[in-house]
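Down below is the structure, laid out as structure tokens.
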Amino acid sequence: MNPERLDERFFSQDAVTVARLLLGKTLVRVFPDGSVGRYRITETEAYLGEADKACHASKGRTPRTEVMYHKAGKIYVYLIYGMYWMLNFVTGPEGSPQAVLIRGLDDLRGSGKVGRLLSVDKNFYGEELQNSPRMWVEDAPELSDFETAARVGIDYAGEEWKNKPWRFIALR
DNA sequence: CCAGTGATCAGG
DNA sequence: CTGATCACTGGA
20 MNPERLDERF
30 FSQDAVTVAR
40 LLLGKTLVRV
50 FPDGSVGRYR
60 ITETEAYLGE
70 ADKACHASKG
80 RTPRTEVMYH
90 KAGKIYVYLI
100 YGMYWMLNFV
110 TGPEGSPQAV
120 LIRGLDDLRG
130 SGKVGRLLSV
140 DKNFYGEELQ
150 NSPRMWVEDA
160 PELSDFETAA
170 RVGIDYAGEE
180 WKNKPWRFIA
190 LR
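Taking this note's numbering, the leading residue of the first sequence gets 20, the next gets one more, and so forth.
Structural data, given as structure tokens:
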């Protein structure tokens, strides 16, 4: 049986659950030249809705955060520091703005490096992983060997939110 | 430690 | 329009 492409059912779970379950799953990218890259997801972070001060949606619905209010399984990308494209997947029920940031693939760590490796840019904004011809996620056995940590780069979020253990790191 | 680099958003 | 801010990285 071929690996199943993960769809809206999978991504509709809450962001913390999806961030954990994505560890070990296979991210597939078909590049413009037709070459195919397959990567094991090794680090993720969860951003859990308007209440989460670290989540972009804590500032409400704007053109940038709009896609997080859409149905799960869409791609949320944005440019940070004028140089780095962050790759996120929308999760949770429709209307509940949640997302999971992809921070590591195989041995590569760092969300900025992930965007560079995959040649992500604003054209991916809103694309659906269940339909896209150039990016999707395939199922793989659940990975139990991982650790959690606080999320990176969100000191502005305040004590309650910045210490949530919503960063998931695959071991081995 | 800190500079680079430009979209985004709130405020006039 | 202005200006602060930023889910980062790489090099002193």
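All C-beta atoms in this analysis are idealised placements derived from N, C-alpha and C, irrespective of residue type, glycine included.
Every value quoted in this text rests on a predicted model; they were computed, and no experiment measured them.
Cα-Cα separation between residue i and residue j, rounded to whole angstroms
| i | j | result |
| --- | --- | --- |
| D174 | K181 | 6 angstroms |
| P112 | A169 | 24 angstroms |
| I121 | A189 | 12 angstroms |
| F29 | A159 | 13 angstroms |
| P184 | G172 | 14 angstroms |
| T167 | N142 | 31 angstroms |
| G79 | R128 | 30 angstroms |
| A70 | E23 | 33 angstroms |
| P51 | T81 | 30 angstroms |
| R153 | R48 | 5 angstroms |
DSSP bridge partner residues for residue i (one or two, in chain order)
| i | result |
| --- | --- |
| T45 | R59, E157 |
| T167 | F187 |
| E147 | K93 |
| Q117 | L67, T110 |
Under 9 angstroms between C-beta atoms of residue i and residue j
| i | j | result |
| --- | --- | --- |
| T110 | A176 | no |
| W155 | L40 | no |
| A76 | V119 | no |
Member of the options whose CA lies at the smallest distance from the CA of residue i
| i | options | result |
| --- | --- | --- |
| R135 | G114, V96, R83 | V96 |
| S163 | F187, S31, D52 | F187 |
| V133 | I60, V37, R191, A38 | I60 |
Point to revise | Residue ranges of each alpha helix (DSSP H) within the stretch 60-111, 4 or longer | key: none
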